[in-house]
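Working notes for the structure below.
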């Protein structure tokens, strides 16, 4: 057995995205204890910078010590009690996962479906809430990583609030890449991933919970089914002040990486980051259209950081992706679920979102297809 | 906000332990996709090397993408169904967590208690099984991280087998530091942590499941409450062959680190690693006894990698630990639960288990207490 030396790739899939050398270097810094006073200071900085990224004052804002799927689960297992009626809006793979989460913990799910590639329909949500006024929670995906569709989170939350529902929002792909305002939009629970537009390495899930959400969590009638994700316990470790209760051993070095990626976000500025993702998307889009490649998603709800495009007719999906990987060290994403073999997902997330990558991608695609 | 530069510590607490520079360097290697063919090859090597570390041929041997607490939860949520009778042996903090896991998913718990610092009593287990022949699972901690006590896993499993029970074993602190033979001892489900005797960074939990355990998981009557930890799904990603189904985004760089730590284990040899931990323990023990410091745990069940010792009378717990940290950059562990303020836990795990650390620790303690 020998040490592993990964090839150098350009990550233009749906995540992970390219990790900046500064973040990689941060990962290699010497490990310290998860209760070390300097580590706790760093945790506080991470919380503060995540508040900035989420545009929230929520005290309960922190990273879950596991990937985005665990962040999703943290939201559902803490907020849903058995029997609670939950509306889940499904317009792709990740909406279906939300449904899975609710049913496994005994929630009562009502599904609203939209075609893959379409945003979540606010009209359908309003209608459904009208018919189900006893709904407790509305859950939807802000940026569907399986399709590249962006939904109107602000409007969907407004509607949910009218019916006194809490909202759970998947922002795995949107955070830092698209406009997202947790407090202004009234989002109650939100989860994201470290490895998309934050360009830190995969393995962490930033989350944030409103006071209303925390109130519900603190006043549950039944215990949270997951001990690891029970926020009543996790809060004791990520909580206020210098006194922290041991819950689990935090992934110390991965948190160094997240910290560095957030420092870089501060340096760039949040709105500048949104704009960079938008501008680079336009560059890629123009080039793709020139190659005769068209988008799955309508312009109005297209995610800048994840370009879902139809595989041109007569082109072999796997062959092209393999050629890009082997000849250009470039990874682009395959379609998921119903869209497998039909689309590619070209990511321009975080550090990947740079002109040189767009140029190379277009040039390589031109020669390959 | 500025980049974080951690102080350089010597980690002689209950984990994380010092991470070898080779492993830190591995963490900083360029991130690649979690479905990249070369990443999948690396995953296969990790599985093979974990089989070596656990001394098992179990096909389902892999790291869970989250800390040890999640590994514990993976074992319980997959193997326990609502109503299942589970005997949990408690002789410290981590046995109590096992109980929490069982009750939260609706299992019926029977507790066997032993004093903190004592090993689990095989007699009590046998008696309890005799009285509860319908027990499905026996769960215990091999190496109690809260007390430094080692239990006789081989004998406990033998007893459990006589009563046709599956066994779940916590090996967070024992793996690679103490003798542990999963197949020979007939362990059905086992979980560990990356940050103890493996000396990789925290954030991963190696697990292994016997064929009997996999059979139970594949034939459950109820769905696993956790989507993230449902091994029926996780197996699709960590499974056999080149074809892997996306489940969650693996913590790519952290897995590089685990891979490197396992390569180093191969180089040293598993039994050599056990012996090194034992020999260095003796060195530390002799020095501590010379300082008039005594052990919580009887010699016969003392963990070499985690030395739980009484705080000498008149000595201020927090003051000493703070002085060690500030003046010597050395972290030792406080007591947990009932033992807070009464004991220190001095770790000699993995890369920390070196003569120079023992020498410095003894010398610093002498000057401080």
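Residue numbers (our numbering), protein chains in the order written: chain G, 5 to 373; chain W, 5 to 373. Just so it is clear, CB atoms sit at the ideal spot from N, CA and C, and this is done for glycine as well. None of these values were measured; they are calculated from a predicted model.
> Since residue 38 of chain W meets chain G, which of its residues come closer than 8 Å, beta carbon to beta carbon?
Replying inline: Counted from its first residue, the second chain places residue 38 of chain W at position 34. In chain order: 20, 206.
>> For a cutoff of 8 Å on Cβ pairs, would you count residue 128 of chain W as touching chain G?
In response: As a first step, residue 128 of chain W is located in the second chain; it is residue number 124 there, counting from the start. Not an interface residue.
> Helix or strand or just coil, what does DSSP make of residue 26 of chain G?
Replying inline: Along the first chain, one-based indexing puts residue 26 of chain G at 22. In this structure, residue 26 of chain G counts as helix in the three-state DSSP scheme.
>> Please report the distance separating the alpha-carbon of residue 175 of chain W from that of residue 249 of chain G.
In response: The residue given as residue 175 of chain W occupies position 171 in the second chain. The residue given as residue 249 of chain G occupies position 245 in the first chain. Roughly 23 Å separates the two Cα atoms.
>> If I follow the unbroken alpha helix (DSSP H) through residue 117 of chain G, where does it start and stop?
In response: Residue numbering aside, residue 117 of chain G sits at position 113 when the first chain is read from its first letter. First-last for residue 117 of chain G: 112 to 117, but that is the beta strand (DSSP E), not the alpha helix (DSSP H).
>> Given 7 Å as the limit, tell me if residue 313 of chain W has its C-beta closer than that to any heavy atom belonging to the ligand MN.
In response: Among the components of this structure there are no ligands whatsoever, and the ligand MN is therefore not found.
> For residue 199 of chain W and chain G, any beta-carbon pair shorter than 8 Å?
Replying inline: Position 195 of the second chain, counting from 1, holds the residue named residue 199 of chain W. At least one chain G Cβ lies under 8 Å of residue 199 of chain W.
>> Can you pull the chain G neighbours of residue 72 of chain W, defined as C-beta to C-beta under 9 Å?
In response: Translated into the one-based positions of the second chain, residue 72 of chain W becomes position 68. Going along chain G in sequence order, the residues near residue 72 of chain W (Cβ under 9 Å) are 252, 253.
>> Contact defined as beta carbons within less than 8 Å: I believe residue 66 of chain G pairs with residue 242 of chain G. What is the distance between those atoms, to the nearest angstrom?
In response: Along the first chain, one-based indexing puts residue 66 of chain G at 62. Along the first chain, one-based indexing puts residue 242 of chain G at 238. Indeed they touch by this definition, with Cβ atoms about 4 Å apart.
>> Contact between the region 208 to 216 of chain W and the region 53 to 67 of chain W is defined here as three or more beta-carbon pairs at a separation below 8 Å; is this criterion met?
In response: yes
> Mind checking if residue 222 of chain W is an interface residue toward chain G, Cβ cutoff 8 Å exclusive?
Replying inline: The residue given as residue 222 of chain W occupies position 218 in the second chain. With 8 Å as the cut-off, residue 222 of chain W does not count as an interface residue toward chain G.
> Are the C-beta of residue 148 of chain W and some C-beta of chain G separated by less than 8 Å?
Replying inline: Within the second chain, residue 148 of chain W is the residue found at index 144, counting from 1. So, not an interface residue.
>> If I measure Cβ to Cβ from residue 325 of chain G and keep anything under 7 Å in the same chain, skipping five residues before and after, which residues do I get?
In response: Reading the first chain from its first residue, position 321 is the one you call residue 325 of chain G. Closer than 7 Å at Cβ, skipping near neighbours: 336, 338.
> Which one or two residues does DSSP pair with residue 120 of chain W in a beta bridge?
Replying inline: The sequence position of residue 120 of chain W within the second chain is 116, counting from 1. W:122, per the DSSP bridge assignment.
> Would DSSP call residue 277 of chain G helix, strand or coil?
Replying inline: Taking the first residue of the first chain as position 1, residue 277 of chain G is located at position 273. In the structure shown, residue 277 of chain G sits in a helix (DSSP, three-state: H, G or I).
> Mind checking if residue 105 of chain G is an interface residue toward chain W, Cβ cutoff 8 Å exclusive?
Replying inline: In the first chain, counting from the first residue as 1, residue 105 of chain G sits at position 101. Yes, residue 105 of chain G lies at the interface with chain W (some Cβ there is under 8 Å from its Cβ).
> When you compare each of W:106, W:99, W:165 to residue 118 of chain W by their alpha carbons, which one comes out closest?
Replying inline: Position 114 of the second chain, counted from the start, is the residue given in the question as residue 118 of chain W. For the residues W:106, W:99, W:165, the minimum Cα distance to residue 118 of chain W belongs to W:99.
> Under the DSSP definition of a beta bridge, which residues are partnered with residue 376 of chain G?
Replying inline: Lying before the first or after the last residue shown, residue 376 of chain G is absent from chain G, which here runs from 5 to 373.
> With 16 as the cutoff for other CB atoms within 10 Å, does residue 281 of chain G come out buried or exposed?
Replying inline: Residue numbering aside, residue 281 of chain G sits at position 277 when the first chain is read from its first letter. Classification of residue 281 of chain G: buried, given that the 10 Å Cβ count is 16 or more.
> residue 109 of chain G touches chain W at which residues, Cβ-Cβ below 8 Å?
Replying inline: The residue you call residue 109 of chain G lines up with position 105 of the first chain. Those are 229, listed as they occur along chain W.
> Around the C-beta of residue 198 of chain W, are 16 or more other C-beta atoms found within 10 angstroms, so that it is buried, or is it exposed?
Replying inline: The sequence position of residue 198 of chain W within the second chain is 194, counting from 1. With 16 or more other Cβ atoms within 10 Å, it is buried.
>> Between which two residues does the alpha helix (DSSP H) holding residue 221 of chain G run?
In response: Translated into the one-based positions of the first chain, residue 221 of chain G becomes position 217. Here the alpha helix (DSSP H) through residue 221 of chain G covers 215 to 222.
>> Any beta carbon of chain G sitting closer than 8 Å to that of residue 46 of chain W?
In response: As a first step, residue 46 of chain W is located in the second chain; it is residue number 42 there, counting from the start. Yes, residue 46 of chain W lies at the interface with chain G (some Cβ there is under 8 Å from its Cβ).
> Which residue comes first and which comes last in the beta strand (DSSP E) that contains residue 4 of chain G?
Replying inline: Residue 4 of chain G is absent from the model: chain G starts at 5 and stops at 373.
> Excluding the five sequence neighbours on either side, which residues of its own chain have a C-beta within less than 6 Å of the C-beta of residue 158 of chain W, listed in chain order?
Replying inline: Numbered from 1 along the second chain, position 154 holds the residue referred to as residue 158 of chain W. The residues are 189.
> Is it right to say residue 88 of chain G is buried, meaning 16 or more other beta carbons lie within 10 angstroms of its own, or is it exposed?
Replying inline: The residue you call residue 88 of chain G lines up with position 84 of the first chain. The residue is buried, with at least 16 neighbouring Cβ atoms inside 10 Å.
> In the DSSP assignment, what are the bridge partners of residue 91 of chain W?
Replying inline: As a first step, residue 91 of chain W must be located in the second chain, where it is residue number 87. DSSP lists W:114, W:142 as partners of residue 91 of chain W.
> By the criterion of Cβ-Cβ separation under 7 Å, what are the contact partners of residue 356 of chain W in chain G?
Replying inline: Taking the first residue of the second chain as 1, we reach residue 356 of chain W at position 352. Going along chain G, no residue has its Cβ under 7 Å from residue 356 of chain W, so there is no contact; the nearest lies around 11 Å.
> So the beta strand (DSSP E) residue 174 of chain W belongs to, where does it begin and stop?
Replying inline: As a position in the second chain, residue 174 of chain W is number 170, starting the count at 1. Residue 174 of chain W -> beta strand (DSSP E) spans 170 to 174.
> Listing by chain order, which chain G residues have their CB less than 7 Å from the CB of residue 263 of chain W?
Replying inline: As a first step, residue 263 of chain W must be located in the second chain, where it is residue number 259. In chain order: 8.
>> Can you tell me whether residue 231 of chain W is helix, strand or coil according to DSSP?
In response: The residue given as residue 231 of chain W occupies position 227 in the second chain. It is coil, neither helix nor strand.
>> For residue 108 of chain W and residue 227 of chain G, which I take to be in contact (beta-carbon distance under 8 Å), what is that distance rounded to the nearest angstrom?
In response: As a working note, residue 108 of chain W is residue 104 in the second chain. As a working note, residue 227 of chain G is residue 223 in the first chain. Indeed, because the Cβ distance is near 5 Å, the residues count as touching under 8 Å.
>> Nearest by alpha-carbon distance to residue 346 of chain G: which of G:309, G:315, G:203 is it?
In response: As a position in the first chain, residue 346 of chain G is number 342, starting the count at 1. Among G:309, G:315, G:203, the Cα nearest to that of residue 346 of chain G belongs to G:315.
> How close, in whole Å, do the beta carbons of residue 263 of chain G and residue 46 of chain G come, if the pair is a contact with beta carbons under 8 Å?
Replying inline: Your numbering for residue 263 of chain G matches position 259 in the first chain. Your numbering for residue 46 of chain G matches position 42 in the first chain. Their Cβ separation, rounded to whole angstroms, is 6 Å, which keeps residue 263 of chain G and residue 46 of chain G in contact under 8 Å.
> Hey, which unbroken runs of the alpha helix (DSSP H) at 4 residues or more fall wholly within the region 23 to 92 of chain G?
Replying inline: 25 to 31, 41 to 58, 72 to 83
> Secondary structure at residue 351 of chain W, three-state DSSP: helix, strand or coil?
Replying inline: Within the second chain, the letter at position 347 stands for residue 351 of chain W. Of the three classes helix, strand and coil, the one that applies to residue 351 of chain W here is strand, per DSSP.
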